[in-house]
Each structure stands twice: as C-alpha cells, then as structure tokens.
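Heads up: the structure comes next, in structure tokens.
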Amino acid sequence: MANPRPHLFVLGLNHRSAPVEVRERLAFNNGTLEPALRRLVDSEVVREGTIISTCNRVEIVTCTPDLAIANEQVRTFLANEQRIARPLFEDHLYSLVGKDAVRHLFRVAASLDSLVVGEPQILGQVKDAYTVASSLGTLGEVLHRFFHKTFAVAKRVRSETQIAARAVSVSSAAVELARRIFDRLGDKTAMVIGAGEMGELAVRHLQNHGIGNILVTNRTYSRAVELAREFNGTVVPFEQLHKQLRLTDIVIGSAGGNDYLLRPEAVEEALRERRRRPMFFIDLGVPRNFDPHLNDLDNVFLYDIDDLQQVIEENKDEREREAKKAEAIVAEEVETFWHWFSGLEVTPTIVALRERAETIRRRELAKTLASLKDLPPHAQKAMDTLSAAMMNKLLHPQIAYLKNVGRSNEAGGTVDLATLRRIFGLDEENDE
Amino acid sequence: MEVVLLKIALLFYLLSTGAFLLPLLSTRAVPRAIGPGLLLAAFLSHAGAIAVRSLAVGYIAVTNSHEAVSFFACLIAGLCLLVQMRTSLTLLGAVVSPIGFIMTLGAFVFYTQVRDLPPILQSAWMPIHVTFALLGNAVFGLAFSASLLYLVQEKQLKSKKGRSLFLRLPSLETLDELNYRSLSWGFPLLTLGILTGAAWAEYAWGQFWVWEPRLLLSVLTWVLYAFLLHYRTAGWRGRRAAALTIVCFAVLFISFLGVRFLPGRHGGQFG
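Top line first, the protein sequences correspond to chains A and B.
Here this note's numbering is used: the first residue of the first sequence is 4, the next is one more, and so on.
Here this note's numbering is used: the first residue of the second sequence is -4, the next is one more, and so on.
Written out as structure tokens, the structure is:
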C-alpha cells in the first residue's frame, strides 16, 4: 500500500510567545545544532526535519506520518537536548500543522514574524538552517520543496513590497537621508563633533556605507585622538572646526553643552568656499549643537534628533502598510504550495489507477488483435484509439474526484484511499 | 502607416506615464522595468512613424510644425532612454513620458499631409539647422526634467515631510549632475542651431538676420542659457540652478512654439 500523505509540523517558540529566559535556554548554537539534529531525525516517526535557532526564535520543522507521536517526541527531544524540564517551556510553545505550518514558515522567512518587521537577517538564518540540514541529509523531498518555496516567497515579498526598504533606526535613517542628498559616499567627508554614543553609531553606519573620510573633533583633544584612532579618521583641533567645515559634506553633532557650535554665518562662509556643494547636518545633541536656522540656507539640510525620529515613525508606518501586501502574497503562496502538497496523497492512487487500466487495455487489445490477424492497419489503429478513449472516459470521474478530494481536504482523510484501492483492486498482485 | 505608428506611440506614452505615476497615487508596486519598457515601446513606434514619413517625402521630416513637434518629442524620449540605460535615473521617465504624450498629442493637432517642399526649404541647410536646434531643445528638455525632480526632492528634504511619497527619487547630487551635463551639451547645440539658421538665412534670403519676434526670442533664450551656464560653471548649483533651468526651458518652449504662432518669415514659410 502507498504511504499516506505526511503531515507538515512546526513546533517552536518566538519573542512573542516566550520570554528571553526561556528562549536562551532552548537556543542551539553552532556546536550543539548538528548532533542534535541527527538525534532529532533518528526515529520512525520523525524522519526528516530541521532546526531554526536564532536569538528570537527556536523552530523545529518536521514532516511526519504521525502527528501525535511526533509532537510528543519533539517536546521530549527539546527537554533532553537542552536539559530543561518540559513544564518550564511547554506553555510557551506553539505547534502548527499543515497549512498553518506552511504559512508560519513563509511568514518567518519573509520577516513578517520578526521583532522588527522587515529586518533582513532572518532569511539568511533560515537559509543557514536549511543548509545544515541539507548537508546532514535530514531533509526529504517534501521539506526540500517546502524550504525552496519558502525562499522563493521571501524573495517575492522582498521584491514586490518595500517592507525592508526604509530605515528604522536613528543612524540608518541618517544614512538614508544622506543618500538622498549624495549619490556616492565614497568621495565624501564626514566630520563628527563630540563623543556622544549616537554620533559614534552614525559614523559606524556611514563607514559601512563606504564614506570616504572621517574627521573627528572634540573639545578635549585627547578624546578626539582616541576616537579618531577608533574610526581610523583624522583629528581636527576644536579651534579649527570652522576652517575644516568647507571640506566637510556631512557634519554630525554629538557634543554636550548649551551653546550652538555652528551658526548660519559660519556655514554660509563655508558654503561659499565650497562653491555651494550641498551639506548635510545631523544634530544628535540634546541640547542641540547646531542653530536650527542652518536649514534655511540654500543647499544645506539640517536634521535634529526629533526630525530623525519622525522619519523613523513614518518609515515604520510604511512598513506596516507594506506588511499587509506581504501577507497577501504569503496567503496566495500558501495556496499554491498546498495545492502541490495535497496532491501528494492521492497522486500514487491516481497513477496506480491509470496504470492498471492501461495494462488491462493493452492485454485485451493484444488478445483480440491476435485472433484478427488479417485486419488492415488502419482498423487496428482505430481499435487502439477506441479502447483508449473508453478507458479515459470511464476513469475520468474517479480521477477528477480524487484530485478534488486531495485539494479540499486538509489534514488527510475523509476519502478512504484504502477502500478505494481495494474496490479497484489496485494493490493485488498481477491477476490472471 | 505613419499615423497608425504615431497613434501607437501616443498610447505607449500614456501607458508609460501611468506606469511611472501610478506608484504616486496608490500603494501598488509596479515592477521597475515596466515604465522604461513602455517608454522604449513609445520611442520605437514614434521613431518608426518619423522614418516612414521621411521615406515617403524623401528628406528628414522636420519641415513643418507637425514634423518639428513630433521630432522634438521623439528626441527627448530617446535621450531619456539613453540616460536611463547609463545611470540609475529611471524616474526621469516620470517627467519625460507625460512631455512625450502631450507633445505627440500636439503633433496630431498640427497634423499636415505630406506635401512638396516650397523652394526656400529645399536646402541642405534646412535639416542641419532644424536637427541641431531640436537636438539642443531635447537636451534642455532633459535638464528641465532633472530640475523638476530636483525641486521635488529638495522640497521634501527641507520640509522633512513627504515621506509618504512612494517613489524613490534620485539623489540631489545625481540630478544636479545631470542638469549640469545636459546644459553643457545643450548650449553648444543651441548655438550651432542658431548659427546654421543664420547661414541658411544668408543663403536663402541674402541676409543672416531679420528683425522678427521669433528670432529675438531665440536670441533671448540663448542669452538666458549662456547666463545659466556661466553661473553654473562659476559654482552655482542646487535649487537656484534648478529653478533657473525651468525658467529657461519655459522661454525656450515659447520660442519653439513661436515658429508657428508668431508673425514673421520663419512662421510664414514654415507653417
């Protein structure tokens, strides 16, 4: 008898279902993941699977013929592997079966289930989990296909929505703005004034995006030297701040103190010297470092911490809107995948039905033709066509019904495939 | 055939305008290649229409208002595609597509049947003069489009609002560079257009200059662009340069339409 269709099954916990104390105890690391995965699939019931483990989630994705036992086994597996009593984490688990499991993994990989919706790391983490499982050989046909589909969905979400396009932290918002002003950052110079932590983050971000030069200045010279070494930048003595301004495209204010460090007159002078090439001022200081009137100068763009915060808020709204579109894509893809997956159960039966009919037809046709030796070839051909057409017409409703049942039926089982196979004699050894 | 192709071009200009502007109105994502693809289709059918007409008459079809407007629009579309291919300035099409649409529509309004050329236009100077002038116009059209986008982006950045805009506008630096490069190409072309026009006038009328509004406007346009280019070279950039580019193009456009609507020999002969 053919195998019944397996069940897709996900057991896991994430940042919403479990506090960090629980997540950290259940997380696998590079060293523990592989041996654990080998032990996970070492069972009759759980034959294939993978483990996705990040700081925000632990998910065990499996494919099993028996849900109840698999559920039990995976729970015990987690308890044993991580040496933690089951009652300590079981309340935080979610278990998802069939379509729900499909939707869940699609949403996870598309970063819809993330703490920061749209963050890009999760897809890479899911891919890593897949690669590990794949190289250990713990994935069967269904899970292979499931993961490939998952990556395709994530890619589709990434390309058809703007879910990850907008910055949601102060420093990335600053870089995003800089890129709306400047085409290339490689030939640009940024100057950071002061030693605030936010300024440091902003500089790091600019460096990640390939900023050409970093100038560092500080009221305390030694601190400036220290920072410059950290950023691999150049020290500017604080008194020369105004002089260096004309060389600077991006100015980051991150200093303490109650006085404005820069006023419009000084910037206007710098602008004249630099032939009015645009300047971007990022004021991260509270109280503010730069006179707000700088923004009134032509080709000068000034953003203070509140402006950046506002940009972030709008970006978050944007992500929410995009997430809705992404959910629609996921829903659509779940249906496509389910269509394939639910065909799995009935496919062997349909194939067997067709094969059996074809065998009978050929045998009977050969017998008849053998007794009618002088039949002209075109008549022989006509008999062949006739018998094939009869068989197809006869089988059509059964096959259509099977296909239909397969699709509409979620967890497998209102059509009794075993009975059906007996009625059509599909499992008998070649009779006659 | 020519008219059919022109109608197809008109339709594609409309479609590409829609594809570029749709993301402004709704949150539906339009795949990136669609706008440029439609604009390419518009350009190809438009160029086809001009080629068919030119073959039918046996000279480059730039001898009357219909032909000139049509040629101008087609050149802008072609240049825009060229820039889009070489840079990331895809959004330029958002300005160029509607320009293409409106001008092609104008070409239909001015439509005239193919006719024999009056003797004055049967000169080797004619295609040279008109081609230079129109090429210059088209390059200035690009500068205008870039400046329009510049002002929108600049306004958004200054006011710290407008983040709801779905379109990703190019950076100010990119737009400013395109403005400068277009101006430095357009100005020599415009100059050549005027000089070849003068040469033709000398040859046809025996005098290189006549006092008529159309020519005065041309000279005014030239002076304005000379002024703009001079200040740009001296380091003027950004918002003011963009604004002045837009003013210059407006004057240029009036002067271009003046060929038809202003009194004078230019218009009379050109019709």
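Positions of the beta carbon are idealized from the N, C-alpha and C atoms, including for glycine.
Report the option in the options whose CA atom is closest to the CA atom of residue i.
| i | options | result |
| --- | --- | --- |
| ALA269/A | ARG106/A, HIS296/A and ILE353/A | HIS296/A |
| PHE293/A | ASN32/A, LYS327/A and ILE196/A | ILE196/A |
| LEU96/A | HIS107/A, ARG86/A and ARG78/A | ARG78/A |
| TRP217/B | LEU167/B, ALA238/B and LEU187/B | LEU187/B |
| GLU317/A | THR371/A, VAL173/A and GLU24/A | VAL173/A |
| SER11/B | VAL(-2)/B, VAL(-1)/B, MET(-4)/B and GLY32/B | GLY32/B |
| ARG42/A | ASN32/A, THR53/A and ASN33/A | THR53/A |
| ILE127/B | GLN79/B, PRO93/B, PHE15/B and GLY181/B | The residue asked about is misnamed: residue 127/B is Phe in this sequence, not Ile. PHE127/B has its Cα closest to that of GLY181/B, out of GLN79/B, PRO93/B, PHE15/B and GLY181/B. |
| TYR8/B | ILE55/B, ALA237/B, CYS75/B and SER154/B | CYS75/B |
| GLN247/A | ASP94/A, LEU265/A and GLY260/A | LEU265/A |
| LEU86/B | LEU170/B, HIS124/B and ARG176/B | LEU170/B |
| ASN33/A | THR134/A, ALA170/A, LEU16/A and ARG86/A | THR134/A |
| ALA28/B | PHE154/A, SER162/A and LYS152/A | SER162/A |
| THR35/A | GLN85/A, ILE255/A, ASP45/A and LEU429/A | GLN85/A |
| ARG50/A | PRO9/A, ARG60/A and SER20/A | PRO9/A |
| GLU323/A | ALA273/A, SER114/A and THR422/A | SER114/A |
| ALA56/B | MET121/B, LEU34/B, GLY95/B and GLY253/B | MET121/B |
| ARG359/A | ASP94/A, LEU397/A and GLY236/A | LEU397/A |
Tell me whether residue i is buried or exposed, calling it buried when 16 or more other Cβ atoms sit within 10 Å of its Cβ.
| i | result |
| --- | --- |
| ILE189/B | buried |
| PRO240/A | exposed |
| PRO123/A | exposed |
| VAL(-1)/B | exposed |
| VAL13/A | buried |
| PHE203/B | exposed |
| GLN165/A | buried |
| ILE426/A | exposed |
| GLY88/B | buried |
Would you mind reading off the limits of the alpha helix (DSSP H) that contains residue i?
| i | result |
| --- | --- |
| GLU276/A | 267 to 276 |
| TYR220/B | 208 to 228 |
| MET304/B | This structure does not reach residue 304/B, given that chain B is present from -4 up to 266, and the question cannot be answered. |
| ILE72/A | 70 to 85 |
| MET201/A | 200 to 211 |
What do you reckon, are the CB atoms on residue i and residue j nearer than 7 angstroms?
| i | j | result |
| --- | --- | --- |
| GLY101/A | LEU11/A | yes |
| THR141/A | LEU40/A | yes |
| GLY233/B | ASN302/A | yes |
| LEU218/A | MET194/A | yes |
| ARG249/A | GLU276/A | yes |
| ALA73/A | SER56/A | no |
| SER137/A | GLY199/A | no |
| CYS66/A | LEU146/A | yes |
| CYS243/B | TYR226/B | no |
| VAL78/B | PHE105/B | no |
| LEU311/A | ALA176/A | yes |
| ARG456/A | ASP309/A | Beyond the ends of chain A as shown, which are 4 and 435, falls residue 456/A; an answer cannot be given. |
| LEU99/A | HIS107/A | yes |
| LYS191/A | GLY213/A | no |
Give me the Cα-Cα distance between residue i and residue j, rounded to the nearest whole angstrom.
| i | j | result |
| --- | --- | --- |
| LEU223/B | ILE241/B | 11 angstroms |
| GLU62/B | LEU164/B | 33 angstroms |
| GLN108/B | ARG48/B | 10 angstroms |
| LYS327/A | GLU338/A | 17 angstroms |
| ARG207/A | ILE97/B | 48 angstroms |
| GLU413/A | ASP103/A | A caution first: GLU413/A carries a pLDDT of 48, below 50, which makes its placement in the model too unreliable to give a value. |
| PHE161/B | GLU168/B | Residue placement at PHE161/B is poorly supported in this model, since its pLDDT is 47, which falls under 50; the coordinates still yield a value, given next. PHE161/B and GLU168/B: Cα-Cα distance of roughly 20 angstroms. |
| HIS399/A | THR352/A | 14 angstroms |
| SER140/B | ALA245/B | 12 angstroms |
| LEU180/A | GLU172/B | 18 angstroms |
| LYS153/B | PHE284/A | 12 angstroms |
| ILE249/B | PHE38/B | 24 angstroms |
| SER40/B | ARG357/A | 53 angstroms |
| PHE265/B | GLY230/B | In this prediction, PHE265/B has a pLDDT of 45, which is less than 50 and means its spatial position is unreliable; nothing more can be read from the coordinates. |
| LEU5/B | ALA46/B | 16 angstroms |
| THR388/A | SER374/A | 18 angstroms |
| VAL451/A | ALA167/A | Beyond the ends of chain A as shown, which are 4 and 435, falls residue 451/A; an answer cannot be given. |
Could you check where the beta strand (DSSP E) with residue i kicks off and where it finishes?
| i | result |
| --- | --- |
| GLU62/A | 60 to 67 |
| ASN17/A | 10 to 17 |
| GLY256/A | 253 to 256 |
| ASP307/A | 303 to 307 |
| THR82/B | Premise fails: THR82/B is in no beta strand (DSSP E) and is neither H nor E. |
| ILE166/A | No beta strand (DSSP E) holds ILE166/A; DSSP gives it neither H nor E. |
| VAL195/A | 192 to 196 |
| SER98/A | 97 to 100 |
| SER1/A | Here chain A covers residues 4 to 435 and nothing more, so residue 1/A does not appear. |
| VAL219/A | 216 to 220 |
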